[in-house]
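Student: Following this message is one structure expressed as structure tokens.
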Amino acid sequence: MVFEPAVMKETDRLRIIARESEAHWGYDKAFMDTFDRTFNITGEFIARYPVFCVREHGEITAFWGGMPEENVFHLEYFYIGRQVIKRGYGRRMWEHMTAWCRGEGMERVIFVTSWQAVGFYEKMGALQDGVSRSLIDGRDIPRFIYCIKQGTCLDLKSCP
982 MVFEPAVMKE
992 TDRLRIIARE
1002 SEAHWGYDKA
1012 FMDTFDRTFN
1022 ITGEFIARYP
1032 VFCVREHGEI
1042 TAFWGGMPEE
1052 NVFHLEYFYI
1062 GRQVIKRGYG
1072 RRMWEHMTAW
1082 CRGEGMERVI
1092 FVTSWQAVGF
1102 YEKMGALQDG
1112 VSRSLIDGRD
1122 IPRFIYCIKQ
1132 GTCLDLKSCP
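Here you go:
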């Protein structure tokens, strides 16, 4: 497994991975079509913000990306291709992302996710700090925070 910065010409492959990963949770076609139009990654995002691909045997199998803002990293994309789901990629991607954040001086990571992924992020040490309205269908989705310095969030007061 190798982590490399994404380049704009890889946008189509990243969009496929994101769609496969999101569809893993059983969302219907209408939801997924809205996902593609509203939320999927763009070449402009890749050019402007940090996005890292996981490569295995030369093929992109997963990626993460987000927007740094002062000392906060807004994790926007964390997707694993269906052929490698449940093979430890999530943990290794999380470790890579948090190491990158630490190296860049980020103090915390903020993100939203689907309800089905809550357990994974809790295992990684993130703490749910509320809900946000989904850009895709307006439902409430979990919002998380992760403290880089501590490697976890013991409670909301302990994270700067």
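Following the working numbering, the numbering of the sequence shown begins with 982 at its first residue and continues without gaps. All C-beta atoms, glycine included, are put in the ideal place defined by N, C-alpha and C.
#1: Ordered along the chain, which non-local residues of its own chain (more than five positions away) have a Cβ less than 7 angstroms from that of residue 1065?
#2: Which of the three DSSP states, helix, strand or coil, is assigned to residue 995?
#3: Work out the CA separation of residue 1061 and residue 1071 for me, nearest whole Å.
#4: DSSP on residue 1048, reduced to helix/strand/coil?
#5: Would you report the Cα separation of residue 1099 and residue 1080, rounded to the nearest angstrom?
#6: Pick helix, strand or coil for residue 1109, following the three-state DSSP scheme.
#7: Count the other C-beta atoms from every protein chain shown that fall within 10 angstroms of the C-beta of residue 1105, then say buried if there are 16 or more, exposed otherwise.
#8: So what does residue 985 bridge to, in DSSP terms?
#9: With a cut-off of 8 angstroms on the beta carbons, I'd call residue 999 and residue 1058 a contact; round off their distance for me.
#10: If residue 992 sits next to residue 1039, beta carbons under 8 angstroms apart, how far is it from one beta carbon to the other, in whole angstroms?
#11: Tell me, which residues are paired with residue 1040 by DSSP?
#12: DSSP has residue 1127 in a bridge; who is on the other side?
#13: Span of the alpha helix (DSSP H) holding residue 1099?
#14: For a test of the three-state rule: what should DSSP assign to residue 1058, helix, strand or coil?
Tutor: Straight from the coordinates:
#1: 1042, 1043
#2: helix
#3: 7 angstroms
#4: strand
#5: 21 angstroms
#6: strand
#7: buried
#8: 1034
#9: 7 angstroms
#10: About 18 angstroms separates the two Cβ atoms, so there is no contact after all.
#11: 1037
#12: 1090
#13: 1099 to 1104
#14: strand
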